[in-house]
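Visitor:
Residue numbers (mature numbering (1 follows the signal peptide of the UniProt record, and there is no 0)): -24 to -1, 1 to 173.
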């Protein structure tokens, strides 16, 4: 009975942990194409950007109405006139988590706020959103989530090998190496320098 209870509790906790990890990984608020546009922009900013490493979190949508001047050409008279209209623009802000890999060795994780313009389908810089209400609050709210972290595990391991390999050579390999002094003592020929030519 105790074994059955232990197995059931273990299965419950194991599947419970994995199911919440899968649910936390999905982000359904991001518009289609945002992840690709952000990857394209980041690959232009970083030469060592790791493709496919972008994960978006904390996605929020902002709208702004701007006055836009458009040039319209009349087909009959071929005259061009400027028309001023109000147009609504939609921007999406998100915290992007991504990696850069330099020389296949130095891995760095970054977290940065990225912006996406829905109408053009491109990732834009924060200077494009200066007049959008709520962006400053979003930046202040997620200021603590921004970071850059270098992964030291591989670097530490390679530096550890620099110390371990000479020790292995000294302890293991040299014990089995041929020693002329030990051979001369064992065969009672130490100090004899005669050649038998």
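Note that beta-carbon positions come from the ideal geometry of N, C-alpha and C, so glycine has one too.
Could you tell me whether the Cβ atoms of residue 94 and residue 68 are closer together than 8 angstroms?
Guide: Closer than 8 angstroms, so yes.
Visitor: Note down the Cα distance separating residue 131 from residue 23, rounded to an integer number of angstroms.
Guide: Taking the straight line from one Cα to the other gives about 21 angstroms.
Visitor: What span of residues does the alpha helix (DSSP H) with residue 38 cover, start to end?
Guide: That residue, residue 38, is in no alpha helix (DSSP H); its beta strand (DSSP E) goes 31 to 49.
Visitor: Have a look at the DSSP bridge pairing and note the partners of residue 58.
Guide: Partner(s): 47.
Visitor: Considering only the alpha carbon of each residue, which of 38, 145, 28 lies closest to residue 104?
Guide: Comparing Cα positions, the closest option is 38.
Visitor: Taking Cβ to Cβ, would you say residue 90 is nearer than 8 angstroms to residue 34?
Guide: The answer is no: Cβ separation not under 8 angstroms.
Visitor: To which residues of the same chain is residue -21 closer than 8 angstroms at the C-beta, ignoring the five residues directly before and after it?
Guide: Cβ neighbours of residue -21 beyond the five flanking positions: none.
Visitor: According to the neighbour-count rule (16 or more other Cβ atoms, all chains shown, within 10 Å of its Cβ), is residue 137 buried or exposed?
Guide: The residue in question, residue 137, is exposed, as its Cβ has fewer than 16 Cβ neighbours within 10 Å.
Visitor: So is residue 126 buried or exposed if we call it buried at 16+ other beta carbons inside 10 Å?
Guide: Burial call: exposed.
Visitor: What is the residue span of the alpha helix (DSSP H) that residue 10 lies within?
Guide: That run of the alpha helix (DSSP H) goes 10 to 21.
Visitor: Under 8 angstroms by Cβ, that's how I've got residue 46 and residue 30 pegged, so tell me the actual separation to the nearest angstrom.
Guide: The Cβ separation is near 34 angstroms, so there is no contact.
Visitor: Would you identify the three-state DSSP class for residue -1, choosing helix, strand or coil?
Guide: Legend: pLDDT at residue -1 = 48, less than 50; position of this residue unreliable, value from coordinates given subsequently. Residue -1 falls in the helix class under three-state DSSP.
Visitor: Let me know if residue 15 comes out buried or exposed under the rule of 16 or more other beta-carbons within 10 Å of its beta-carbon.
Guide: Residue 15 is buried by the Cβ-count criterion.
Visitor: With respect to the alpha helix (DSSP H) encompassing residue 93, which residues constitute its N-terminal and C-terminal limits?
Guide: First-last for residue 93: 82 to 93, but that is the beta strand (DSSP E), not the alpha helix (DSSP H).
Visitor: Nearest by alpha-carbon distance to residue 5: which of 27, 36, 75, 12 is it?
Guide: The shortest Cα separation from residue 5 among 27, 36, 75, 12 belongs to 36.
Visitor: At the level of alpha carbons, what is the spacing between residue -1 and residue 85?
Guide: Legend: pLDDT at residue -1 = 48, less than 50; position of this residue unreliable, value from coordinates given subsequently. Whole-angstrom Cα-Cα distance: 19 angstroms.
Visitor: Assign residue 11 to buried or exposed, taking buried as 16 or more other Cβ atoms, counted over all protein chains shown, within 10 Å of its Cβ.
Guide: So residue 11 counts as buried.
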